[in-house]
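Participant: Residue numbering for the sequence shown follows my numbering, starting at 858 and increasing by one per position.
Quick reminder that beta carbons are idealized off the backbone N, C-alpha and C, glycines included.
The structure that follows is given in the form of structure tokens.
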Amino acid sequence: MKNPESDNWNIKIQLGNWVGAVTVPKARFPEAKAAHQAVLDTAWNWVEREDELEADPSDLDPCVECGESTAPGFGRWVNRLPFADGFKCIECLGSVFECDRCGEDIPFDEDIVEVTVDPEGYQTEWRVCDGCVTIQVPTTKPRTWAQVQADPRVGSTSDPDDGDEGYWVYLVPSFYSPTMDCRTIHEDTVRAVIDELVKVERCDPDERF
Ligand SMILES: [Zn+2]
Ligand SMILES: [Zn+2]
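Right, here's the structure in full:
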């Protein structure tokens, strides 16, 4: 049986803290010295490339405050905002928006977007803090169709009196029905409408269903 050792150079090298052995076929480098040099050159190339790769992330769009990368694909990319000549990460921003009503900073991810409609039908979009929300979720469950129609989450309705089949509820843009996965509730009875209305949740007014 052929001894594999005899076909290869087994070269031990040390680079900084890294110690390893590399097997080089004698067929490629008949001279031990040349084999050793080839291994060293390859290894140093590899070390330099590693340095480049390690250096890269923080060089890419560093946060102007903490220096962490805010480049796409790196940890602080999400929610970075342009700042001075660069970007600031969400950690250093602390909050992303000011409340449109009270001007206070809104803690990250706690902004609520509301759309109000004035008597002329013009819509205004508000990004507000928890305390400035005007469309409050009623604390009591509606019991009658009139109460459903008066609910602040309800934009408009139609019912059998309008010649429609069943009861229709069109929610304001900042609410949607998770059951229906849209802003419309359509049921045969008022009771069924109410059962769905109590389950509606806030959503982004721009969200299309
Ligand atoms: Zn930062
Ligand atoms: Zn506010």
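Am I right that V953 and W1002 are in contact with their C-beta atoms under 8 Å? What's the rounded C-beta distance?
Facilitator: 40 Å between Cβ atoms; not a contact.
Participant: So Q980 is in the beta strand (DSSP E); what residue range does that whole segment cover?
Facilitator: That run of the beta strand (DSSP E) goes 980 to 985.
Participant: Suppose contacts are defined by Cβ-Cβ distances below 8 Å. Is Y1027 in contact with R1010 by that definition?
Facilitator: Their beta carbons are not under 8 Å apart, which means Y1027 does not touch R1010 by this criterion.
Participant: Return the bridge partner residues of S1015 from the DSSP annotation.
Facilitator: DSSP lists W1025 as partners of S1015.
Participant: So C986 packs on K945, CB below 8 Å; how close in whole Å?
Facilitator: That belief does not hold up - the Cβ atoms of C986 and K945 are roughly 21 Å apart, past 8 Å.
Participant: Considering V1055, what are the terminal residues of the alpha helix (DSSP H) in which it resides?
Facilitator: Neither: V1055 is in no alpha helix (DSSP H) and is coded neither H nor E.
Participant: Helix, strand or coil: which one does DSSP assign to K869?
Facilitator: Here K869 sits in strand by DSSP.
Participant: In terms of residue numbering, what span does the beta strand (DSSP E) encompassing L938 cover?
Facilitator: Unbroken beta strand (DSSP E) run through L938: 938 to 940.
Participant: Looking only at DSSP bridge pairs, what is E961 linked to?
Facilitator: Bridge partners of E961: none, in fact.
Participant: Provide the residue span of the alpha helix (DSSP H) that contains E948, from first to last.
Facilitator: Element bounds for E948: 947 to 950.
Participant: Per DSSP, what kind of secondary structure is I1051 in: helix, strand or coil?
Facilitator: Note: I1051 maps to helix in three-state DSSP.
Participant: Take the Cβ of I868 as the centre, count every other Cβ of all protein chains shown within 10 Å, and call the residue buried at 16 or more, exposed below.
Facilitator: Buried: at least 16 other Cβ atoms inside 10 Å.
Participant: Consider the C-beta atom of R958 and the heavy atoms of ligand 1; say whether any pair is separated by less than 7 Å.
Facilitator: Answer for R958: no, Cβ out of range of ligand 1.
Participant: So the alpha helix (DSSP H) V1005 belongs to, where does it begin and stop?
Facilitator: Taken as a continuous stretch (DSSP letters only), the alpha helix (DSSP H) holding V1005 covers 1002 to 1007.
Participant: Taking 7 Å as the cut-off, is the C-beta of R1040 nearer than that to any heavy atom in ligand 1?
Facilitator: Flag unset: Cβ of R1040 not near ligand 1.
Participant: For F954, which beta-bridge partners are listed by DSSP?
Facilitator: In DSSP, F954 forms a bridge with I963.
Participant: What are the start and end residues of the beta strand (DSSP E) that includes V974?
Facilitator: 969 to 974 is the span of the beta strand (DSSP E), which, as asked, contains V974.
Participant: Let me know the secondary structure DSSP gives M858 once reduced to three states.
Facilitator: Residue placement at M858 is flagged as unreliable, the pLDDT there being 42, under the threshold of 50; the coordinate-derived value follows with that caveat. Looking at M858 - three-state DSSP - the assignment turns out to be coil, as it is neither helix nor strand.
Participant: Kindly indicate which three-state DSSP category T899 falls into: helix, strand or coil?
Facilitator: Note: T899 maps to helix in three-state DSSP.
Participant: Consult DSSP for G988 and reduce its assignment to one of helix, strand or coil.
Facilitator: In the structure shown, G988 sits in a helix (DSSP, three-state: H, G or I).
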